[in-house]
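This report concerns only the one structure given below.
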Amino acid sequence: MSASGIRAAHRTPAVVTGLGVVAPTGIGARQHWESVLAGKSGLGRITRFDPAGYPVQVAGEVPGFEAREQVPNRLVPQTDRYTHFALATAQAALADAAADPQTLPEYEMAVVTASSSGGTEFGQHEMEQLYQQGPSWVGAYQSIAWFYAATTGQVSIRHGMRGPCGVLCCEQAGGLDALGQSRRLLNTGSRLVLSGGTDASLCPYGLVAQMSVGALSTEDDPARAYLPFDAAASGFVPGEGGAFLVVESAESARERNADHYGELLGYAAGFDPPPGSERPAVLTSVIRRALADARLGPDEVDMVFADASGVPERDLAEAHAITEVFGPGGVPVTAPKTLTGRLYGGGAALDTATALLALSAAVVPHTAGLGRPAPGCEIDLVLDRPRQTDPRTALVLARGHGGFASALVVGAGNRKDLKK
């Protein structure tokens, strides 16, 4: 056996024992999942500021989130909304896993998060103070609240997790990359990893930055603004929120007598060549490497959670990659993110949480709101209603602006408390 084969043979199984969700579809894993099953959209006209002067009017906002009800009071003015989301989801994930950090070795607990733009809204307010009032009005917390690693630091401090800590800045793909890193850490001495991502860029500064990419939908009807793989697709809708997952070794879960939603079976990542290159995009090879890492064939994957860009040419490229691996219509494909918008650093973590909930409930959730499939997308897109097929494995795909591409394979666990 090769060295890589030996390492794979001794790989520590990584299971997910807890989920924490803050999303436009609701606060908490159960509320989010009920919204997904019902096809209840969280998209609407932006309310966090007046969007009248902007071409983008629609977003996915988290409803009813009060930071002072979710976060220690002293941290609220010191941190950005994306960190508020992270602190809330991390706490919820630990509670869901029935894991008390005070009872675990502090150097065997790790934190790995995904971040896209960092503390955008906090930074905007401090820049307003700088230009309107002068430098003496800029608060000391500006130096850390905007930072990409602010969430990782605050979560690790709050829960006394002194093992490896890190952040991955890979836009939408970052959540899968963070989970892939979490799985690696279980092989190097960690027994429990808090992992995931959140984003909160729905402020004027954040929206202008997102608009510069040219991929946001300018449709002002929330029901028509984000239609991936649809003939009427015109871009994507931005959103806020995300998810945290408690990832731990199967041995640690057994010692705690903890059930799990599922196992992280395989992971791979790649980077697309620059525009104009003769080299192909990497998503197809990333999918194949993730399946190889999971030791699964294409016929053993029961559903795919698509990246679902909403940009027609990117949707078509993803559909071609899925078809190349699984064959035309070879696997059910879904994109529940049509209910939330794309959450950047929080998006792939939320998709993974949704995939694990779907495995626990033995159902393939549908893609809500779509009408006529785009020409050339030869995928089995699950529409209209959830599909009862008792899936046992799921592939989650994510691509980030600039060329990031990642894939994660998850398998069903033994936790069924959300099954309908």
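When the letters of the sequence shown are read in order and numbered with this note's numbering, they come out as residues 64 to 483.
Even for Gly, the Cβ is constructed at its ideal location relative to N, Cα and C.
Using alpha carbons as the reference points, say which of the options lies closest to residue i.
i: Leu471; options: Gln205, Gly105, Asp240; result: Asp240
i: His464; options: Glu124, Asn250, Asp370, Gln244; result: Asp370
i: Phe299; options: Ala306, Gly277, Arg319; result: Gly277
i: Gln484; options: Arg225, Asp293, Tyr204; result: Because residue 484 is not part of the residues shown, which for the chain are 64 to 483, the question remains open.
i: His188; options: Ala461, Tyr204, Thr176, Asn320; result: Tyr204
i: Ala208; options: Gly182, Gly223, Ser199; result: Gly182
i: Glu171; options: Gly83, Ser245, Arg111; result: Ser245
i: Glu311; options: Leu354, Ala380, Tyr145, Ser253; result: Ser253
i: Lys103; options: Leu444, Val345, Thr430; result: Thr430
i: Leu419; options: Leu444, Phe368, Glu376; result: Phe368
i: His169; options: Gly238, Arg319, Arg221, Asp159; result: The sequence shown places Glu at residue 169, not His. It is Arg221 whose Cα lies nearest to the Cα of Glu169.
i: Asn477; options: Arg108, Gln120, Val349, Asn320; result: Asn320
i: Ser206; options: Val121, Gln141, Thr110; result: Gln141
i: Gly392; options: Ser275, His383, Gly105; result: His383
i: Lys479; options: Gln451, Arg462, Ala421; result: Ala421
i: Ala247; options: Leu327, Gly197, Cys232; result: Here residue 247 is Arg; the residue named in the question, Ala, does not match the sequence. For the residues Leu327, Gly197, Cys232, the minimum Cα distance to Arg247 belongs to Leu327.
i: Leu379; options: Gly333, Gly223, Asp293, Asp447; result: Asp293
i: Ser98; options: Pro449, Ala468, Leu460, Ser469; result: Pro449
i: Gly202; options: Gly186, Gly216, Glu282, Ala212; result: Gly186
i: Arg462; options: Glu234, Asp163, Gly116, Thr397; result: Glu234
i: Ile350; options: Tyr330, Gln451, Thr251; result: Tyr330
i: Glu381; options: Ala355, Ala344, Gly404, Ala411; result: Ala344
i: Pro375; options: Leu433, Ala295, Gln196; result: Ala295
i: Val473; options: Leu354, Arg377, Gly432; result: Leu354
i: Ser348; options: Gly432, Ala288, Ala468; result: Ala468
Are the beta-carbon atoms of residue i and residue j separated by less than 7 Å?
i: Thr401; j: Glu441; result: no
i: Leu466; j: Ser178; result: One detail in the question is off: residue 466 reads as Gly in this sequence, not Leu. No, the pair does not count as a contact, with Cβ atoms beyond the cut-off.
i: Ala161; j: Gly325; result: no
i: Pro267; j: Gly373; result: no
i: Gln273; j: Pro227; result: no
i: Leu413; j: Gly305; result: yes
i: Thr75; j: Leu249; result: yes
i: Val78; j: His323; result: yes
i: Val85; j: Ala416; result: no
i: Glu191; j: Arg144; result: no
i: Val139; j: Arg131; result: yes
i: Pro399; j: Val445; result: no
i: Thr259; j: Leu308; result: Here residue 259 is Gly; the residue named in the question, Thr, does not match the sequence. A contact, by the Cβ cut-off of 7 Å.
i: Glu282; j: Ser297; result: yes
i: Phe215; j: Val230; result: Looking at the sequence itself, residue 215 is Thr, so the reference to Phe does not match. Yes, the Cβ-Cβ distance between Thr215 and Val230 is below 7 Å.
Run through the DSSP bridge pairs and tell me what residue i is partnered with.
i: Cys228; result: Val174
i: Leu257; result: Val174, Val309
i: Asp322; result: In DSSP, Asp322 forms no bridge with anything.
i: Phe467; result: Phe334, Gly463
i: Val472; result: Gly329, Leu458
i: Ile90; result: Val85
i: Arg485; result: Absent from the structure is residue 485, since the part of the chain shown begins at 64 and ends at 483.
Hey, does residue i have any beta-carbon neighbour from chain B nearer than 7 Å?
i: Glu234; result: Chain labels in this structure do not include chain B; a single protein chain is all it has.
Please give me, in chain order, every unbroken run of the beta strand (DSSP E) with length at least 3 that falls completely inside the region 102 to 158. Listed in chain order, the complete beta strand (DSSP E) runs (minimum 3 residues) inside the region 102 to 158 are 106 to 108, 121 to 123.
Stretch pair the region 82 to 95 + the region 126 to 134: three plus CB contacts closer than 8 Å: Contact holds between the region 82 to 95 and the region 126 to 134, because three or more Cβ pairs, one in each stretch, are under 8 Å apart.
Tell me whether the region 429 to 446 and the region 249 to 265 touch, counting them as touching only if at least three CB pairs, one residue from each stretch, are closer than 8 Å. With a cut-off of 8 Å on Cβ pairs, the region 429 to 446 is not in contact with the region 249 to 265, counting fewer than three such pairs.
Secondary structure, alpha helix (DSSP H): runs of 4+ residues fully inside the region 340 to 413: Taken in chain order, the complete alpha helix (DSSP H) segments of 4 or more residues contained in the region 340 to 413 are 346 to 357, 375 to 389.
Counting Cβ pairs, one atom from each stretch, are 3 or more of them under 8 Å apart for the region 417 to 426 and the region 351 to 364? No, they do not touch.
Give a yes or no on contact between the region 450 to 459 and the region 128 to 137, applying the rule of three or more CB pairs nearer than 8 Å. Cβ pair count under 8 Å is below three, so no.
What are the start and end residues of each continuous beta strand (DSSP E) run of 3 or more residues lying completely inside the region 172 to 220, in chain order? Segments of the beta strand (DSSP E) lying fully in the region 172 to 220: 172 to 177.
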